[in-house]
Structures are given as structure tokens and as C-alpha cells.
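Novice:
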Amino acid sequence: MDVQTGWRPPLAKITKPQGGLAGLTARPRLIRMLEQGASCRLVTVCAPAGYGKTTLLRQWAEQAGRPVAWLSLDEADDDAPRFWRLVAFALAQALPPNSLRRSLPLSSALPSLSVSAFLDALIGELAEAGGRIVLVLDDIHLIRDAGILEPLGYWLRYLPPGAAVVAAGRSAPRVGGSRWAAEGKRLDLSAAEIAFTEDEAGAYLDAAFPGTFTPAQQLRLHQATEGWAAGLQLSGLSGAASLGLEAGGEELAAFLMEEAYGRLPDELKQFLLRSALPERIDSELAAAAAGCGREEAEALLGRVRRDSLFLLPAGADGWHRYHALFRGFLLRRPELSDFSRRDALQRCALELDRRGLAAEAIGCALSAGDGKWSSDKLDAFAAQALRQGEGRSLLGLLERLAELRELTAEQQLLQAYLLAVGGSFEAAGAAMAGARRIAERLEPGQERSRLSSGLLFVESNRIFFGGRFELWQQLADRAGRELLPAEGMYFNVDFNRSEPQVRRADIGMKGVLSPDTEAIGRQFAGMLDEGGWGGSLVSLYVRLALAEGYFEWNRLEECRTLLAGVQQDRSARLTAGLAVPAAILQAQLDAADGKLDAALNELLAAERLEAALEPQWQAGLIAARARLLLQAGQPAAAGKALASLGLPGKEPPAYHREFELMTLVRLLLSQRRLERALRLLDALERLQRREGLVSGLAETAALRALAEQGRGRQTEALRAIGQALAIGEANGYVRLFVAEGAPMRKLLAAFRARADGPPSGSEPRSAYVERLLGAFDYAPPRVLEAAAPLAEPLTEQELILLRHLADGAANREIADSLGLTPGTVRVYLSRLYAKLGVASRLQAVHAAQELRLLRGS
43 MDVQTGWRPP LAKITKPQGG LAGLTARPRL IRMLEQGASC RLVTVCAPAG YGKTTLLRQW
103 AEQAGRPVAW LSLDEADDDA PRFWRLVAFA LAQALPPNSL RRSLPLSSAL PSLSVSAFLD
163 ALIGELAEAG GRIVLVLDDI HLIRDAGILE PLGYWLRYLP PGAAVVAAGR SAPRVGGSRW
223 AAEGKRLDLS AAEIAFTEDE AGAYLDAAFP GTFTPAQQLR LHQATEGWAA GLQLSGLSGA
283 ASLGLEAGGE ELAAFLMEEA YGRLPDELKQ FLLRSALPER IDSELAAAAA GCGREEAEAL
343 LGRVRRDSLF LLPAGADGWH RYHALFRGFL LRRPELSDFS RRDALQRCAL ELDRRGLAAE
403 AIGCALSAGD GKWSSDKLDA FAAQALRQGE GRSLLGLLER LAELRELTAE QQLLQAYLLA
463 VGGSFEAAGA AMAGARRIAE RLEPGQERSR LSSGLLFVES NRIFFGGRFE LWQQLADRAG
523 RELLPAEGMY FNVDFNRSEP QVRRADIGMK GVLSPDTEAI GRQFAGMLDE GGWGGSLVSL
583 YVRLALAEGY FEWNRLEECR TLLAGVQQDR SARLTAGLAV PAAILQAQLD AADGKLDAAL
643 NELLAAERLE AALEPQWQAG LIAARARLLL QAGQPAAAGK ALASLGLPGK EPPAYHREFE
703 LMTLVRLLLS QRRLERALRL LDALERLQRR EGLVSGLAET AALRALAEQG RGRQTEALRA
763 IGQALAIGEA NGYVRLFVAE GAPMRKLLAA FRARADGPPS GSEPRSAYVE RLLGAFDYAP
823 PRVLEAAAPL AEPLTEQELI LLRHLADGAA NREIADSLGL TPGTVRVYLS RLYAKLGVAS
883 RLQAVHAAQE LRLLRGS
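Residue numbers for the sequence shown follow our numbering, so the first one is 43 and each next one is one higher.
1. My understanding is that L439 touches A401, with C-beta atoms under 8 Å, so please give their C-beta distance in whole angstroms.
2. With a threshold of 8 Å, are at least 3 pairs of Cβ atoms found where one atom belongs to the segment 661-671 and the other to the segment 155-173?
3. So for W112, helix, strand or coil by DSSP?
4. Just to confirm, are A547 and A163 a CB contact at a threshold of 8 Å?
5. Just to confirm, is the Cβ distance from I626 to G576 under 8 Å?
6. Thinking C-alpha only, which one of D519, R144, L598 is nearest Q630?
7. Helix, strand or coil: how does DSSP classify G211 here?
8. With a Cβ-Cβ cutoff of 8 Å, do A54 and A356 count as a contact?
9. In chain order, what residues of the same chain lie with their CB nearer than 6 Å to the CB of A743, ignoring the 5 residues before and after it?
10. Going straight from the alpha carbon of L146 to that of G411, what length do you get?
11. For T256, is the classification buried or exposed, using 16 other Cβ atoms within 10 angstroms of its Cβ as the cut-off for buried?
12. When burial is assigned at 16 or more other CB atoms within 10 Å of the CB, is V869 buried or exposed?
13. For the alpha helix (DSSP H) that contains I562, what are its first and last residues?
14. What does a CB cutoff of less than 7 Å around L726 pick up in its chain, not counting 5 residues either side in sequence?
15. Identify whether R83 lies in helix, strand or coil by the three-state DSSP scheme.
16. Which value, in whole angstroms, describes the spacing of the CA atoms of V129 and Y196?
17. Flag this pair as yes or no: are the beta carbons of A249 and G269 separated by less than 8 Å?
18. I'd like the ranges of any alpha helix (DSSP H) spanning at least 4 consecutive residues and lying wholly in the segment 562-636.
19. For A749, write down the residues that DSSP places opposite it in a beta bridge.
20. Rounded to a whole number of angstroms, what is the C-alpha to C-alpha distance between R383 and L392?
21. Going straight from the alpha carbon of M75 to that of W102, what length do you get?
22. Are there 16 or more other CB atoms within 10 angstroms of the CB of N503, so buried, or fewer, so exposed?
23. What's the gap between the Cα of T757 and the Cα of A795?
24. Would you list the residues sitting across from Y364 in a DSSP beta bridge?
25. Buried or exposed for L443, please, with buried defined as at least 16 other CB atoms from any protein chain shown within 10 angstroms of its CB.
26. Go ahead and pull the three-state DSSP assignment for R175.
27. Use the C-beta contact count for Q41: other C-beta atoms within 10 angstroms, 16 or more gives buried, fewer gives exposed.
28. What does the alpha-carbon distance come out to for the pair Q885 and L616?
29. Okay, do the segment 91-110 and the segment 177-192 touch, 3+ Cβ pairs below 8 Å being the bar?
30. Helix, strand or coil: how does DSSP classify C334 here?
31. Please classify L201: does DSSP put it in a helix, a strand, or coil?
32. Could you name the residues of the same chain whose beta carbon sits closer than 7 Å to that of S882, not counting the 5 residues immediately before and after it, in chain order?
33. Check this for me: beta carbons of A332 and S317, under 8 Å apart or not?
34. Is there contact here, the segment 445-454 with the segment 478-495, by at least three beta-carbon pairs under 8 Å?
35. Comparing alpha-carbon positions, which option in Q730, R348, E326, I549 lies nearest E338?
36. Buried or exposed for F381, going by 16 or more other Cβ atoms inside 10 Å?
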């Protein structure tokens, strides 16, 4: 279950179906073909409906010799966040517990987290789990969104050895193509290959309909159906001993289904016609559709199963669905009156709504033509759908509702908002035009004013997501508080589901800082306060993003003020996307004041927060703690912290671990493993560019400069620091450089004094470098600066104490090692601190590191 939203997929969707024709005839020929594709990344089984694709894959899965995850797809799954969330749940179901402890929570961050970042996480964890797993995607032809298929190709390219995807459907996904087939990475099974051979057809007919057909009749049936499994089954049901037909698939299918259906008793016909109305059924929903009791529905379903009337298991929990062709046939039958059809669909809608299956309930009501009920339920469902990241599904329901009745102005605004967020700016404008027409028909008053404000809000989103920030400012200046709509669902969505810093997320503009972004943030926060939304999640996120920006700009007092306001809010403490970044920012402020012990305690306390127990939040907090330990000159303790996160690992770098991996780079620099650090930076830079993480690109360039400086390659170091400064100056970054301490100060001084002088027209950059160098003067002593020589040298005993401190030993451990009492150790430590001019053990170790008092410093 998604612990943040409570959402879980129907078990039927992620469970291998049971029953069907699998037990009637084995197909070793096809099993061998599938086994030959064991080393392929992608196996496709492509054929029209009824060719036995699912049955074949079930047979193969039972003897595959490795875990098989199963995902049964339907039209609602053609939505990128929902699709990838279902993939994560299906894989987690087939793997040992906790194998996807990071990917599963990250899937709930979609779409605010990019699909590429999620897939990188998934690839890494599959590799850690051993890689030997197959994912079956059944009915892949229902997935048409390029926003799913393109990332699917990326995922397949980087699957670990032993992992594969088997996709079955009426059409194959366009992934890999002929090049993959030539390289042995893709195997395609077509309708011609999976069709029943004469021998297989005879074996099936003998098993399913013993004594019904002679060998000659079996041969004619095979020839007429061309090995189509559904045709063979329908032939048996109809008792067609001699068809005498030469027509192709569709005509034959219509004839056979007519024959099968026409021989059924009226009671069963009526049950089939009604129970086929919803896309899937169990006994309770079938009872609602048929208007009978549950026991009667169970008995009728039993007859349907016994008569092999195309009722296919849809996983566990008793859910079933009719074969698509058979259901289509039933839906086209004239026996069910329009009134009876609407009545059955409305009963289904009420039953689904009672069970909390809102989207399916609305779908049935829409099919019944009940626009009023659908509209009311859709309004109630909208906030939940937005919170779960299923905007596309919500948009589809809105489009269907629009076919029945004119959408309300609020619904058209929601439709426009979803279109704008999805990048369909022109369609969003059309939806806005409809809402505007409704508003214009209203008399002046509160309702018209409310709609006008909503229109301004959606227009501001069109402008914002289109990247036209200057127009946003102009619009906000004109509109003022009218820019905010009255609907709370737009403001109480969790905007950060994975990032340790808000300014790394979309709402924080991926690290972009400027006077314009500051002005927009402050103005929007003020509007929210004035409009009564000061305690909303979006308000807290905007204020925390501003506070992080002020820290980066070295405007620490403004940062403290904003952060304190966020921390006082209960929602911020209960929402991991706020609580974790707030704790990290507080620790950074403490470290900037030289209070490293307080900073570490802040992070340790945050690790125990109930809201922060999911793996992605723990990883961010531990990585932040490792950075502080490195600042304090304790690389061994920092390495131990990172090791608890599985770093350094063997899997390729993934964006969802960028914050942790950038911390690992710093550890490698402290260990002088410079080549390894540079290789990792190369990989991380590619990920940062792909995701548009501006602050990450500056950070990478700065660390690259330090690595090159450590290698003695001054020209390369100055070139890299120049790249970091170019990004830094454009965004006003300060702490990014100051946090790297004395080595960065030395490098910046070298850049300022380089022999060739600054290039023409770069005076602002020179002034920026001077400002950065000045910022080091205000850094805490012994933390970011190289220490001056000691006035009084340390004794041998004090040097031994220092080494124990550097190893992270507690006072009791030091006392036992040296044969002292803990009280005596405290006295010695007090003298040591006085000589070093520090106030804590962390500062003492850092000062000793700077003074090269420790071996290996």
C-alpha cells in the first residue's frame, strides 16, 4: 500500500490469472520458443483477441524457473503515473519482501517526480535483488501514451541481466525494433506462431469436448478457424460438427458467438447481458448488475464458468471479466432495452461507489447516461485523484462527462488546469473559454467573482508551466488576491514526495534563484496568507523554498525567520516532504553558526520522525548527516553513514540518489580517490542535465574543480570553477561554495589571481568572486577555514585523545582504552578544547584535520 495516500491496486491486476484453458492442452512447442527468449530484454506475444496469449503465458510462468510478476492492463492504465505505480506494485508482489523498499514509495511521487528518476531507482533495486525476474504486461495494446512507451524503452535498455518483460496484446509496443531483434535482445511471437497447429487443435477439442468431433471434423474446424483458440472454443460450444465456412476471422467470430449465445436459456442470456455492462465483475457486482441476490449471482457465474462462456479470471479476490470480443458482442445485443441497461448500470455505479471504487462507479454512471450523479461524484473524487497523481484518469472522466452535459464552470476550470499542467496549453485555453462563457452569463456577484478568480488562477498556471515568469508577475500585479481560487484541492496536494530539499523539486524551480523568483515566491505567499490559505501545503512549500533560497544567498537571518514559521505549523511536521527539508535546513543553519553538535542532533531527531520513516527520506537525512561529518573532518564516520545506504554500490548512478551520490563524491575527495570521484561526477552531470537540476550542475562543476586541483591539474581546475561560477553568479549562489571550506577558498583566490587576468567584460564575475571570498571571513572558526598554528603544542596524551575522537569513540570507550575514569577523560578533553580554541569534539576533530595533527591528514 502507498502509505502516503492509502492507495493500493486491485489485487486482481497484479496477480497471475487462474483457470481458463491452461489445463486442457499443453503447448510445449511455444514454451520452448519462450524459453529460447530467456536472455532477451523484451518478448512480445502479439495476436488478435482470443488467440490464447494469456493462457500461454500462464503455462509458461508456471515453469519459468524464476519469479514472474503479472500486470493485467486495462484502458484506465494508459496514464503514466498509474502505469508505473502498478508496475512497481506488480514487481514488489513477485519479489522477496522489501526488495523495492525505495522504488515503491517513489512511485507514489509520480508525476511530481520524473519517470526517468523513478525508473533509475527501479533498475538499481532490481539489480540489488539479483535481477532474475520477468514482468508480464498483459493487454499491452491498451497502452498508447508515448509518455509510457518511451520510458518503457529506456527501462528495457538498462534492465539488469536476467530481468525481462513479456508483453502480450493485439499489437506490440514499438520498442527496440529490428536492431534489438538482430542483437538477440528481443523475441517476437506473432499470431501465426501462436495459432494452434492441427495436432494442438485436435488435442484441445478432445479435452474440452470429448467425443463431440471426429478427426475429420477437427481438421475442418482447424482450417476454418486458422488455429484461433476462441474460434475453436466457440465451435465446440455451438456443436458445429460441420461448418462449411471459408470466411475469415471476423465473420467466423460473429457466426460462432451467435451460435453459442443463441442456444443458451433466457435466464442465462439476461444474466450475461447485464453482467457484461461493467468492465469487470465479482459476485457482488454481478448481483447488482443482474438485480438479484448474491447467492443467485454466484450460481449463475458458476454456470458461465462451467459452460466456458469467455469468463476470464482477472486475478485474485474473485474478480472476473468477459473476453473483450464476447463482451462486445453482448453489449451490441438488442434484447436488453435501453431502460434495463441504464437501470443495471446505475445499480453497478451505486455498488462500486459503496465499495469506494469511485473511478469505476463514475464510469458506469456515465455509461448509463446519468450526468447529474456522475458530475456530483466526480466533484467529490477530484481531490483524491489529484492527490494520487491520477490526473489523466480524471481528465478522461471529465471528457466523457462533457459528452453528456455541459461541464460546470468549476469542472471546466479543473479540466483546463489538468491540460495546462500536462502541457496542452491550447486545449487548456479552449476549456477556459467555456468556463469564461459561463461566468459571463452570470449576474455580477459573489459567484461570478469566484469564477473570475478561478479563471485567473488557471491562466496563471498556463503561464507558469509555460515558463513565462515575467507574465506571471504582470498577471499577479493586476489580479492581486483574485488570483486564488476558492477550491482547496489546488492547495492541499503534497508537492514533494522524494526530494531532501524543496528547491530541488519542480515547485522549487530545480535550484533556479533570482530576484524575480524571490519576488514571485514572496508575492504568492502573501496572497495565500491574505486569502486564508497561509496554512495550506502550497504555502508551506513556497515559504520553505524561499528559506532555502535565502540560506543559499547567505541571508541567514531571513532564512531563520521563514524556517521558524514553517516549523511551527503542524502540517509541516506531519508531511515528510516538508519535515525532512526543514530539518536539513535547520542543521545547515546550525553548522553555519559553528554548532555542529546541534546540527547532527537535529538530523538524528528527524530520522526518528514517523513522517520520515520511508527509505527516500531516511536516505536524504543520512546523506545530510554524512556531509556534516565530512565538514567536521570525520571521513570515517561519514563513510560509515553512507555505507548504511549501500554506498558505494555496484549499480549505475540514478537520479533519485543524486543527493546521496554527491555526498559520496565529497567522501571520495576526502579520501583522495580523485579518479573515482571524477567518473561519478561525469555520470551525475548527465542525470542533472536530463532533469534540469540547475543547482546540481553548479555543485558538480565546483566539486570537479576541487578534484582537478587535488590532481595538480590547475588549468582544468580553473576551467571547472569558472563553469561553477557562471551558474552561481546567474543564481546568486554563495553557500554552495562556502560549504566546501578552505580548499574552495584557495581555488577561488587562484581564479581571481590567474595570470591571464579576467576576460573582457567579466567585471561582474570578478565582483562576484570577491563577494564569495568575503563570505568565507564570516564562516565559523575551525569549521570552514584553515586553522592558525597552535600557541601551545599538544601532548602525546592529547594526540591519542584526538585519534579516539576521530574514530567516533564515546567517553566511556576512551576511558576503558586508556585506563582512565570517564570524569578524567572529560577533564582532558576540556584542556584539549581550550588549546584548539573549540567547544565540541566535532570541532576539535575538524581543527586537528586542518592542522594535520592526525595521521593521514
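A virtual CB, placed ideally from N, CA and C, is assigned to each residue, including glycine.
Quantities reported herein were computed from a predicted structural model and do not represent experimental measurements.
Specialist: Taking the coordinates as given:
1. With a Cβ gap of about 7 Å, L439 and A401 count as contacting.
2. The answer is no - the segment 155-173 does not touch the segment 661-671, with fewer than three Cβ pairs under 8 Å.
3. strand
4. no
5. no
6. L598
7. strand
8. Against a cut-off of 8 Å, the Cβ pair of A356 and A54 comes out as a contact.
9. A762, Q765, A766
10. 38 Å
11. exposed
12. Burial call: exposed.
13. 557-572
14. Apart from sequence neighbours up to five positions away, the residues of its chain that approach L726 with a beta-carbon distance below 7 Å are P695, E700, L703, M704, T742, ordered along the chain.
15. coil
16. Rounded to whole angstroms, the gap between the alpha carbons of V129 and Y196 is 15 Å.
17. No, these two residues do not count as a Cβ contact at 8 Å.
18. 579-594, 598-609, 612-616, 618-634
19. Partner(s): none; A749 has no beta bridge.
20. 14 Å
21. 10 Å
22. buried
23. Each residue's Cα considered, the two are about 13 Å apart.
24. L353
25. buried
26. Arg is not the amino acid found at residue 175; the sequence shown has Ile there. Of the three classes helix, strand and coil, the one that applies to I175 here is strand, per DSSP.
27. Because residue 41 is not part of the residues shown, which for the chain are 43 to 899, the question remains open.
28. 33 Å
29. yes
30. C334 carries a coil assignment under DSSP once its states are collapsed to helix, strand and coil.
31. coil
32. L638, D639
33. yes
34. yes
35. E326
36. exposed
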